[in-house]
Structures are given as C-alpha cells and as structure tokens.
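Novice: In our numbering, the protein residues as written are 1 to 351.
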Ligand code: SF4
C-alpha cells in the first residue's frame, strides 16, 4: 500500500512505488557554516538521500542557497510558523519545504503554494504530537493517533483548497503506538506519500529500537515512502541505522550487510570485535555485499555459504570462506585487511 501519488525533490522520487529514500537532518546552525557544510557533505557521502536543515531566520537564506549548491542531494528547508521564511527558502532554491500550513493564514499560505508550484517544489505537511492545534487537543483531551491524523488531513485540505497537491505528510510522535496508529488511520484515505519517523525517539540505542519498531511496523504493512530515524546522536548514525532497518525488510540494496552470531563458549576468536570493525570500517562500500562474521564452525560455514564472503573462528584462527570453498586459515591479526581486499573485489564486480 505504498502511496498512489509520487513527489519528486531534485530528482529523488518519493512514493508511488519508488525506492524508499533515507532522510536525515543537519544538527549544526547556519552561523557555523563550515561545520554545517562538512556535516552535510558527510551525510550525502554516507547515503543520505534527502537532507533537511532548519531555516530559523531570514539571515539563513543565503547560506542555505550556498549549501544547496554544494550538494547533489535535495535540501529541504524546515520552516516553523513564518510564511516569509518559506518564501525565502523557495527563493534560495529549497528542493522541498516542511511546514504546518495551519500556522499561517490563507492569503499568506497561497503565496507559499504559488511559489512552490512555480518551482515544482513539494511541501511536507509535518504534524507533530508536541504541537497539535488547540481545538484538537480540546476535542481529544490529549494528543492521540486520531488527533494527529485529523490534523494531517486538515492541513492537507488547506493546501488542496489552494490547488496544491505536491504533498508529502508526516505525523510524528515520540509514542510509538500513537505514531503507528496515526499513520494507519491516515493512510486509509490518503494518496499522498508518507514520511515515517518516531520523533524525539531518544539516544542511539533507544532511538534505534523505537524507530525500528514504529517505522518497521508500518513498512511491514506496506505503509510509508521515506524514512527518518531520529536519534539524539550524530546524524550519520541516523543514516546508518536507517540503512540497516530498510535492509532488514529487503527495502535497501546498497552497502555492506554483516551477518554475525552472538558468540558463545565455543568461540576461540574475538569475532565481536571483528564484526564491529567490519561494520564501522566498510561503510564506504556502495555495492550490497553480505559478509558473515561467525564465532565457530557450528553455524559459520552455513552462514558463510549464504553470504558473499564469510569468516568463522576455529582454534584461535579465522577460516575464510567464499561460497562452499575454504580459501585459507588466517590469524586474527591479518583478517581485517584481507577481508577489506576481498569485499572491494566483490563490490567492484557487483557495481
Ligand atoms: S556460531 Fe558458534 S560461536 Fe557463534 S553462537 Fe553459534 S555456536 Fe556459538
């Protein structure tokens, strides 16, 4: 049940059955432009497909333009409350803007939708449980899934009334059940692409789990067209986590995939350290390469056979497999560079 409609931001399709783009957001303000640019370029390099930055004031518009021109991926302007900032962002080349249409009056909103339409720039209606409209809070007495879905429908209707339908929608909450239910309610009657995310999900570990549960549940239902894993951490972690999340559902076919066991009393090598080193140091590999890092020969050969390359511990050494074949026995001190060489070879043939 991917969305029926598709939007396109700087050549990146969202919805309508397209691949699911990974989104993230810069955490550095425009007042520290060099650091911000470095972070944005790192995120692009890491595989972020759509990048968002906060545009909190008019002074940020020119650096926004500069940053956008440095990137190849779409740059989204996150706007709060002020329609003038949305107009500035559009003038500065924003590839998409995120606003809450209900926060501005119709005349001003029309200026924004006209400017967006003229430039073929989509708008994301970004509803958040922390900033629901007063009347909805009164109606439902507290933030609920129904209130989020109603707010989204209402904000979408405001854009539609102005003849604008280049729309994506998000309904984020830190409460996973509420977020999941809101998207399920809304998706039943809406053709628009859905941007999935659990907001304020927390630190690396808890945010990863909460996002995986919320986003994963929806994707398994076929709901959702783009994702942001929101973490209180380096945004690079958001991108890496999103890749793993999507890959676990066969929705991502780039980069390395590490299959590793938890280890047990049969392990004679430090395969936990190796698996982590592989995951950390092979992030630059673009092609999908499956690497098994296993603690012993009980399950190692079986996993290795299903991977592109596999290693398994045995008597204090690693045994290197490619398919059914044992290539060699190698000491733990030399395994990482050798694996790197093999993975690069495999990546080259796959690319
Ligand atoms: S593969 Fe071997 S080391 Fe790893 S958990 Fe299984 S039995 Fe233990």
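Backbone N, C-alpha and C fix where the C-beta goes; we use that ideal spot for every residue, glycine too. What you are looking at is a predicted structure, and each value in this text was computed from that prediction instead of being measured.
Which residue marks the beginning of the beta strand (DSSP E) containing residue 321, and which one marks its end?
Specialist: Within the chain shown, numbered from 1, the residue matching residue 321 stands at position 321. Element bounds for residue 321: 317 to 322.
Novice: Would you mind working out which of 146, 58, 241, 108 sits nearest residue 385, comparing C-alpha positions?
Specialist: Since the first residue of the chain shown is 1 and the last is 351, residue 385 is not available in this structure.
Novice: Among all the DSSP beta bridges, which residues are the ones paired with residue 196?
Specialist: By one-based count along the chain shown, residue 196 stands at place 196. BP columns for residue 196 point to 227.
Novice: Compare the C-alpha of residue 26 against each of 105, 209, 233 and name the closest.
Specialist: As a working mapping, residue 26 is identified with position 26 in the chain shown. Ranking 105, 209, 233 by Cα distance to residue 26 puts 233 first.
Novice: Do you know offhand how far residue 319's Cα is from residue 310's?
Specialist: To locate residue 319, count along the chain shown from 1; it is residue 319. To locate residue 310, count along the chain shown from 1; it is residue 310. C-alpha separation (whole angstroms): 8 Å.
Novice: Comparing alpha-carbon positions, which option in 42, 114, 6 lies nearest residue 284?
Specialist: As a first step, residue 284 is located in the chain shown; it is residue number 284 there, counting from the start. Nearest option by C-alpha distance: 42.
Novice: For a test of your reading of the model: does the CB of residue 262 fall under 7 Å from any non-hydrogen atom of ligand 1? Yes or no.
Specialist: For the purposes of this step, residue 262 is identified with residue 262 of the chain shown, where counting begins at 1. Correct: residue 262 has its Cβ closer than 7 Å to ligand 1.
Novice: Can you name the start and end residues of the alpha helix (DSSP H) that residue 136 belongs to?
Specialist: Position 136 of the chain shown, counting from 1, holds the residue named residue 136. Residue 136 -> alpha helix (DSSP H) spans 134 to 140.
Novice: Examine the Cβ distances between the stretch 89 to 103 and the stretch 56 to 73 and report whether three or more of them are shorter than 8 Å.
Specialist: Counting Cβ pairs under 8 Å, three or more are found: they touch.
Novice: Can you name the start and end residues of the beta strand (DSSP E) that residue 54 belongs to?
Specialist: Walking along the chain shown from the start, residue 54 turns up at place 54. From DSSP, the beta strand (DSSP E) with residue 54 extends over 50 to 54.
Novice: How about residue 266: is its Cβ closer than 7 Å to a heavy atom in ligand 1?
Specialist: Taking the first residue of the chain shown as 1, we reach residue 266 at position 266. Yes - ligand 1 has a heavy atom lying nearer than 7 Å to the Cβ of residue 266.
Novice: Tell me whether residue 294 counts as near ligand 1, meaning its Cβ is closer than 7 Å to at least one heavy atom of that ligand.
Specialist: Locating residue 294 in the chain shown gives position 294, counting from the first residue. Yes, the beta carbon of residue 294 sits closer than 7 Å to at least one heavy atom of ligand 1.
Novice: What runs of the alpha helix (DSSP H), each 4 residues or longer, lie entirely inside the stretch 138 to 220?
Specialist: Counting whole runs of 4 or more residues, the stretch 138 to 220 contains the alpha helix (DSSP H) stretches 145 to 161, 176 to 189, 204 to 220.
Novice: Write down the C-beta distance between residue 210 and residue 259 rounded to the nearest angstrom, noting that I regard them as a contact closer than 8 Å.
Specialist: Position 210 of the chain shown, counted from the start, is the residue given in the question as residue 210. Position 259 of the chain shown, counted from the start, is the residue given in the question as residue 259. Wrong, their Cβ atoms sit about 24 Å apart, outside the cutoff.
Novice: On the DSSP letters alone, give me the boundaries of the alpha helix (DSSP H) that residue 112 sits inside.
Specialist: Translated into the one-based positions of the chain shown, residue 112 becomes position 112. Taken as a continuous stretch (DSSP letters only), the alpha helix (DSSP H) holding residue 112 covers 106 to 118.
Novice: Compute the beta-carbon to beta-carbon distance between residue 313 and residue 271, rounded to the nearest angstrom, for a pair I have assumed lies under 8 Å.
Specialist: If you number the chain shown from 1, residue 313 lands on position 313. If you number the chain shown from 1, residue 271 lands on position 271. With 8 Å as the limit, residue 313 and residue 271 qualify as a contact, their Cβ atoms being about 5 Å apart.
Novice: Does the stretch 134 to 147 come into contact with the stretch 103 to 113, if we say contact requires no fewer than three beta-carbon pairs (one atom in each stretch) closer than 8 Å?
Specialist: Segments in contact, no.
Novice: Ignore the nearest five residues each way along the sequence and tell me which others in residue 158's own chain have a CB closer than 8 Å to its CB.
Specialist: For the purposes of this step, residue 158 is taken as residue 158 along the chain shown, with counting starting at 1. Excluding residues within five positions, the ones whose Cβ falls inside 8 Å are 101, 102, 106, 109.
Novice: Between residue 305 and residue 220, what straight-line distance do the alpha-carbon atoms span, to the nearest angstrom?
Specialist: On the chain shown, position 305 is the one that residue 305 refers to. On the chain shown, position 220 is the one that residue 220 refers to. Roughly 28 Å between the two C-alpha positions.
Novice: Which two residues bound the contiguous alpha helix (DSSP H) that contains residue 352?
Specialist: As shown, the chain starts at 1 and ends at 351. That puts residue 352 outside it, with no answer to give.
Novice: Taking DSSP as the reference, what is the three-state secondary structure of residue 351?
Specialist: By one-based count along the chain shown, residue 351 stands at place 351. Looking at residue 351 - three-state DSSP - the assignment turns out to be coil, as it is neither helix nor strand.
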